[in-house]
Amino acid sequence: MRTTTRALSAALAASALLLAACGRGGPGGGDAKISGDKIVLAVLNDQSGVYADLSGKNSVEAVKMAVADFKAKYGDKAVSSNIEVISADHQNKPDIANSKAQELYDRQQADVILDVPTSSAALAVANVAKAKKKLYVNIGAATTELTGKQCNKYTFHYAYDTYMLAHGTGSAVTKQGGKKWYIVYPDYAFGQDMQKSFTAAIGASGGTVIAKDPTPFPNDNFSTFLLKAPSLKPKPDVLGTMQAGGDLVNLVKQYNEFKLRDQGIKLSVGLMFITDIHSLGPDAFAGTTFTDAWYWNFDDRNRQWADRFTAKTQTRPSFAHAANYSAAMQYLEAVQRAGTDASDDVVSELEGYQYDDMFARNATIRAQDHRVIHDVYLAEVKPKSEVTTDWDYEKILRTIPAAEAFRPASAGGCSLS
Amino acid sequence: MIRMLLRHTEPASRPVRSLLLATGLLLALALPWLIYPPVAMDIATWALFAAALDLLLGYTGLLSFGHAAFWGTAAYTAGLIAIHSGLPFPVAVLGGAALAAALAVPIGYLCVRNAGIYFAMVTLAFAQMIYFVANQWRDLTGGENGLQGIPRELFGLDLSDPFVFYYAGLPIVLFGLFCLWRIVHSPFGHVLVAIRDNPARAQAIGYPVERYKLLAFVLSAALSGLAGGLFAISHGFASLQEVYWTTSGKAVMMVVLGGIGTLWGSALGAALVVQLEDYLSTSGFDGIGLVTGTVFVLVVLLFRQGLWGAARQVAAAVRARRAPRPPTPAPRAPAEPMPAPSTLPR
Amino acid sequence: MSNFLQQCFNGLVSGSFYALLALGLAVIFGMLGVVNFAHGALYMLGAFGAYVLLVEAGVPFWGALVVVPAALFVVGVVLERTLIRRLTPLDPVYNFLLTFGLTLVLQDAVKREYGVQSQPYPRPAELSGSVSLGLFDYPAYQVFVLAVSVLLCAAVWVVLNRTRVGMVVRAATERPELTRALGVNVGRWVTPVFGFGVALAGLAGVLAAPMRAVNPLMGADLIIAVFAVVVIGGLGSVFGSVLAGFAIGLLQALGNLYVPALSQTLIFIIMAGVLLWRPAGLFGREEART
Chain Z
0 MRTTTRALSA
10 ALAASALLLA
20 ACGRGGPGGG
30 DAKISGDKIV
40 LAVLNDQSGV
50 YADLSGKNSV
60 EAVKMAVADF
70 KAKYGDKAVS
80 SNIEVISADH
90 QNKPDIANSK
100 AQELYDRQQA
110 DVILDVPTSS
120 AALAVANVAK
130 AKKKLYVNIG
140 AATTELTGKQ
150 CNKYTFHYAY
160 DTYMLAHGTG
170 SAVTKQGGKK
180 WYIVYPDYAF
190 GQDMQKSFTA
200 AIGASGGTVI
210 AKDPTPFPND
220 NFSTFLLKAP
230 SLKPKPDVLG
240 TMQAGGDLVN
250 LVKQYNEFKL
260 RDQGIKLSVG
270 LMFITDIHSL
280 GPDAFAGTTF
290 TDAWYWNFDD
300 RNRQWADRFT
310 AKTQTRPSFA
320 HAANYSAAMQ
330 YLEAVQRAGT
340 DASDDVVSEL
350 EGYQYDDMFA
360 RNATIRAQDH
370 RVIHDVYLAE
380 VKPKSEVTTD
390 WDYEKILRTI
400 PAAEAFRPAS
410 AGGCSLS
Chain G
0 MIRMLLRHTE
10 PASRPVRSLL
20 LATGLLLALA
30 LPWLIYPPVA
40 MDIATWALFA
50 AALDLLLGYT
60 GLLSFGHAAF
70 WGTAAYTAGL
80 IAIHSGLPFP
90 VAVLGGAALA
100 AALAVPIGYL
110 CVRNAGIYFA
120 MVTLAFAQMI
130 YFVANQWRDL
140 TGGENGLQGI
150 PRELFGLDLS
160 DPFVFYYAGL
170 PIVLFGLFCL
180 WRIVHSPFGH
190 VLVAIRDNPA
200 RAQAIGYPVE
210 RYKLLAFVLS
220 AALSGLAGGL
230 FAISHGFASL
240 QEVYWTTSGK
250 AVMMVVLGGI
260 GTLWGSALGA
270 ALVVQLEDYL
280 STSGFDGIGL
290 VTGTVFVLVV
300 LLFRQGLWGA
310 ARQVAAAVRA
320 RRAPRPPTPA
330 PRAPAEPMPA
340 PSTLPR
Chain F
0 MSNFLQQCFN
10 GLVSGSFYAL
20 LALGLAVIFG
30 MLGVVNFAHG
40 ALYMLGAFGA
50 YVLLVEAGVP
60 FWGALVVVPA
70 ALFVVGVVLE
80 RTLIRRLTPL
90 DPVYNFLLTF
100 GLTLVLQDAV
110 KREYGVQSQP
120 YPRPAELSGS
130 VSLGLFDYPA
140 YQVFVLAVSV
150 LLCAAVWVVL
160 NRTRVGMVVR
170 AATERPELTR
180 ALGVNVGRWV
190 TPVFGFGVAL
200 AGLAGVLAAP
210 MRAVNPLMGA
220 DLIIAVFAVV
230 VIGGLGSVFG
240 SVLAGFAIGL
250 LQALGNLYVP
260 ALSQTLIFII
270 MAGVLLWRPA
280 GLFGREEART
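Read top to bottom, the protein sequences are chains Z, G and F. Taking numbering that gives the first Met the number 0, I'd label the letters of the first sequence as residues 0 to 416. Taking numbering that gives the first Met the number 0, I'd label the letters of the second sequence as residues 0 to 345. Taking numbering that gives the first Met the number 0, I'd label the letters of the third sequence as residues 0 to 289.
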C-alpha cells in the first residue's frame, strides 16, 4: 500500500508540476497564419469502454495516416509541416470529456477535436467548441441534436446519426418489399428518436407499422415481444429493433431461439456496427439488414485504404476509423485552402464544400447545419458460409444517395449564427 | 461501527488547527494556479460531496451507497433553474440543494429504519430507481443526451473563463464545508456520534434515534446537492452519469481513501481521485477500474484510517514522543478490530 | 390466455437468475454477515468461464456447467481465506467496500482481456429446439434454466432442513449468537459456505451465457436488482430471498406486459412498499437489520 500511495502521490505531484509549468497563457503567436506555428489535431474518444473497438485508439492511428498522407501530397507546399496528433480518453464520461476538451483547446493548443462518441459527451464538447470558437468534428456520436437545436458554428457532424440509420434502413427495407413492420425500441432518448424516424421513413415508402412497443432498458429478456410478433394481425414481415450493444445481442439470441425468421419475420436493426458482427460471429446476425456509413470491402478504393490501415493496426477498419481519417484529411485540406488555421476562416472553407473521398462519396458539408452528407449503404449480414476473408461480413444491397440518406437541413431546427 | 477509527487520536491543539485551516484555505485559493482550473473546480465540488457523504458515514455510522441520487437530482434541478429562469447561478445551486433535501425526506424515512449493511443496499437501490426515472423523463432531463447548455449567470459578469468561475464557485463550496463543520461540532453532531457509537444507549437516554438519523440524512443530501448543483453549473450540463451508481461509488471511494470521519480527508480523497482520473485519461493506460479498484481494496484491507487518518496518527505519535511521558508504541496500534457489533435489541 | 401464461414463464426464467443470485447472497450473509457486492462480478466471471472453456479448450456447455462452479468454489474459498476473513471481525460495511473494490478490479481485468463487446456463446445443441407446454411452445433452453434453478433451490432447501450441515448453517444464519453460545463450531463452515455461494453465482453465469449477452458489465446492473430482491425477501432469510427472486421476476414480466412505463422502477417501488410495511423484509427478522 505504502508504495502505491507513494507512486500515486509522485504521479500527482508530477502532473501538477507539469501543468503549472505550462502556465496559464492562451495560444500564442497572434499574427502567424498558423497558430503556435503548428496544427494540432486532437482525438478525444473512448479508448477503454463500449466504443473502444469501434473507434478508440485505432482512430488515432487513422488520423495519423491522414496527416502523413497530407504531408506526402503537398510536400513543401503544405501550409505547415508541423502537424501534431494528440489524443485523450474520455472514458464515456461527459464531465471528463468537457474538462479534457477545454484543456485540449487551451493548453495543448488543439485546433480541432475529432470523434467524441457518447451523445452526452458529444454535446458537452460542442458547447466547449462554441465557447472557445474552435473546430470540432464529431464522428462517434449518433445524436441528431448536434445538427439540430444544439448546433453551433464550430461543430460539424461527420459520419452518421440516428436519422440516417433509421431512415436508411426503414425506407430501403420497405422499398425492397418489407411492407409490414413491428418495431421494438428501448425506452430512452436514442430508442425513441430512432422509432420516430423509422416510422416516418416506413410510412413515406409505402409501408405500415402494425405495432410498436417500448422495452425496458437495459433488458435481457425480450421474449414478450418476440412471442407477440407472430401473433399480430396482420402478421408483420419485418421486426425492426432499435436496441444497441448488449441488449441487441440479447434480442438477436432470442430472435433466433424463437425461430422468427422461419416464420417469415425478418430482422432489421437500427444501430449495428461491424464490430458487433465480429464479436458475435456472422451467423448470429445472418440475414439481418442495417444501414452502414461505410464498408471496407465495398470497392477497391476502400480495400486499398483498409489494407494500409490493417498493416498498421492488425484489424479491419470500421466506418468510424475511415471517417476519422477522412475528417482529419478534409480539415487539413480546408486549412490548406484557407492558408491559415484560424477557426472562422477554416469554417468558411468547409461550409458548402463538395468532395468525394475514400470515406465520403458524393459528399457535401451542409452550410445550413454542418451535417456532412454522403452516400450510405443498406447492408445485409452474410451467413458464415459466404464469408470468404476475415471481417468479410456484409453484402451491400443498395447505395442510399447522400441527398436521401440524411435529415433535410430545414427539419432539424438548427440556426447557426 | 466505524467508530474504532476515530477516537484514538487526540484532537489537534488549537494553534495546529488554526494553522491547518489557514493552509487549507490558502490551498483552496491557490488551486487553480497549481492545476488546470476546470479540474480544480471538480476537486472542490467533489470535496464537498465527499465531505457531505462523510457526515453520514463517519459521523453517523451509515454507509450510503446511493448519494448520486441527491447529487444528480440537484444537478438537473440547478441546470433547469439556470436555463429557464436566468437567475444568478448560486440561486440555482441552492434550488438544487433544496430539491435534493426534499427527495431525501421520503428516501431517508424508508432507509434509516434499517442500519448497517441493509442501509447501504437500500440506498443503492433507491438511487438506481432515480436513475431509471431520470433516463425515462426525457423532456426534463434530456435522457442520455443530458441537459446541455446550462448558463453561468451572475449579475452579468463574464464567468466563461474557468479560472474566474472557480473563484465565483468556491464560496459555495466553502459555505457547504463550513456548514458541515458547524454541524459536526454542534450538540446535534455530538448526538450523531453518540448514536453511531451506541445506538441502543442513545435511544435509552431518550434521543429519538431514527429522527436524528433522518435529519443527518437530509442534511447530508442537501449538501451533496449543493455540490451537485455547482458541478452542473461548472460543466454547463447535467447527464445520467450524475445519477448512476458509479458516481455514488466514486464518492464513497474518496471518503474511504481520504479517511472516514475526517472532513479534511474527504477533500484529500477527492483531490486524489479526480487527479487520478484526469491523469489516466491521457496516460494511454486504459485500466482505470483496475487502478482505482486495487488501491481501494488495499486501503480497505490495510489502511482503513485513510490517508488523513494516517497523517493524524503520525502527528499524534510525534507529539507523544516530544511529550515527557513515555512514547506510545506505534502509530498503527489503534485501528484494529473490535468484535463484531452484536445484534442489539431494539 | 396463452400469452399471459407465456409471460409468466418469461418472468419465472428471469426470476431464476434473481433466485440463484439471491440464494448465494443470503447464505453468505447468514454465515459471515457479509454482503458480497462482487456477486454480480462473479456471475459475470461464471459466464466468461464458460466462454473461455469453449473457445480455449473446446469444453461444451455441459462440461462448463460442472467445471465453472467448481472453479468458482475455489475462487470463493481463496477470496474468503485471503481477503474477506481479515475483515469479518469488523463492521460488515468494510467487506461491502472491499467487495465493491473487487468488483471494479474483476470487471476491468476481464474488460482488458476480452474487451467490452459481447462474446458469442451458442446454446447447447441438445436444447436448441422448443418444447410444447400444452398451450404454447417455449424454447427448450429456457425451460431447462427454470428447471435447474428450481431443482437447485429445492435441493438447497432440503439440505438446509434435513441434514446436520444444514441445521448448523441455518442456525448460524438465523440465530448466530445463540448458535455460538450453544457451542456449535460455526467457524469450520464459513469458508465452504462462502465458496458455495460464489459457486452458485458462477452457475448462474454459465446458465446465462447461452441466452444473455456475455460481457464484462453483465453483472453490474443485475446485482443492484438482486440487492432489492434480497431486501424484499429479507436478508437473513434464505427462503424469503428465493421466493422474492421468483416473485419479482414474475411481477416484472407482467409489468412489461401491462405497464411498460414502470417496468424498470417496479422492483424498487415494491421494495419501498415492503420497507414501509415490514422494514426487515417479508421474511426477515428485526435483528438481522442492525
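Where a beta carbon is used, it is the ideal one built from N, C-alpha and C, also for glycine.
Of all C-beta pairs linking the region 135-143 of chain F to the region 298-306 of chain Z, fewer than three are shorter than 8 Å, placing the two stretches out of contact. Counting only Cβ-Cβ distances below 8 Å, Asp68/Z has no contacts in chain G at all, with the closest Cβ about 24 Å away. The residue from Gly269/Z, His369/Z, Val345/Z and Tyr376/Z with its alpha-carbon nearest to that of Arg360/Z is Tyr376/Z. Distance check between Ala310/Z and each of Arg365/Z, Leu259/Z, Asn91/Z and Asn57/Z places Asn57/Z closest, using alpha-carbon atoms only. Among the residues facing chain Z, Gln240/G is included, as its CB has a counterpart in that chain under 7 Å away. In the displayed model, Pro138/F falls within a strand according to three-state DSSP. Here Asn137/Z is near Leu145/Z, since their CB atoms are less than 7 Å apart.
With fewer than 16 other CB atoms across the displayed protein chains lying within 10 angstroms of its CB, Glu55/F is exposed. DSSP lists Asp114/Z and His156/Z as the bridge partner or partners of Asn137/Z. Collapsing the DSSP output to three states places Ser127/F in coil. In this structure, DSSP gives Glu143/G a helical state, which the three-state scheme calls helix. For Tyr75/G, the enclosing alpha helix (DSSP H) starts and ends at Ala67 to Ser84.
Inside the region 263-308 of chain Z, DSSP marks whole alpha helix (DSSP H) runs of 4 or more residues at positions 273-279 and 281-284, from first to last along the chain. For Asp196/G, the enclosing alpha helix (DSSP H) begins and ends at Pro186 to Asp196. With 16 or more other CB atoms across the displayed protein chains lying within 10 angstroms of its CB, Asp53/G is buried.
The Cβ atoms of Phe36/F and Ala203/F do not sit closer than 7 Å to each other.
Inter-residue distance for Ala96/Z and Val124/Z is about 7 Å (C-alpha atoms, whole angstroms). For Tyr108/G, the three-state secondary structure derived from DSSP is helix.
Under the three-state reduction of DSSP, Asn126/Z is assigned to helix. As the crow flies, the alpha-carbon of Ala91/G is around 6 Å from that of Ala81/G. DSSP places Leu40/Z in the uninterrupted beta strand (DSSP E) bounded by Ile38 to Asn44. The beta-carbon of Arg112/G is placed less than 7 Å from the nearest beta-carbon of chain F.
Interface criterion met: the Cβ of Gly245/Z is under 7 Å from a Cβ in chain F. Remark: C-beta atoms of Leu179/G and Val111/G do not approach each other more closely than 7 Å. Listed in chain order, the non-local C-beta contacts of Ser12/G below 6 Å within the same chain number zero, local neighbours out to five positions each way being set aside. Taking C-beta atoms under 8 Å as the contact rule, Gln353/Z and Ala362/Z qualify, at a distance of about 7 Å. Take Val268/Z, set aside five residues on each side of it, and the residues of its chain with a beta-carbon closer than 7 Å to its own are Thr240, Leu247, Thr287 and Phe289, in chain order. In this structure the region 285-295 of chain G does not touch the region 61-74 of chain G; the number of beta carbon pairs closer than 8 Å is below three.
Counting only runs of 3 or more residues that sit fully inside the region 114-173 of chain G, no beta strand (DSSP E) segment turns up. Closest by C-alpha distance to Pro191/F, out of Val167/F, Ile266/F and Ala18/F, is Val167/F.
In the DSSP annotation of this structure, the continuous segment of the alpha helix (DSSP H) that includes Val313/G starts and ends at Gly305 to Arg321. The residue from Ala327/Z, Thr117/Z and Thr214/Z with its alpha-carbon nearest to that of Ile82/Z is Ala327/Z. For Gln313/Z, the three-state secondary structure derived from DSSP is coil.
When Cβ-Cβ separations below 7 Å define contact, Val84/Z makes no contact with chain F.
Bounds of any beta strand (DSSP E) do not take in Trp390/Z, whose DSSP letter is neither H nor E. Counting only residues of its own chain and dropping the five nearest sequence neighbours on each side, Ala292/Z has a CB closer than 6 Å to the CB of Ala158, Tyr159, Phe318 and Val375.
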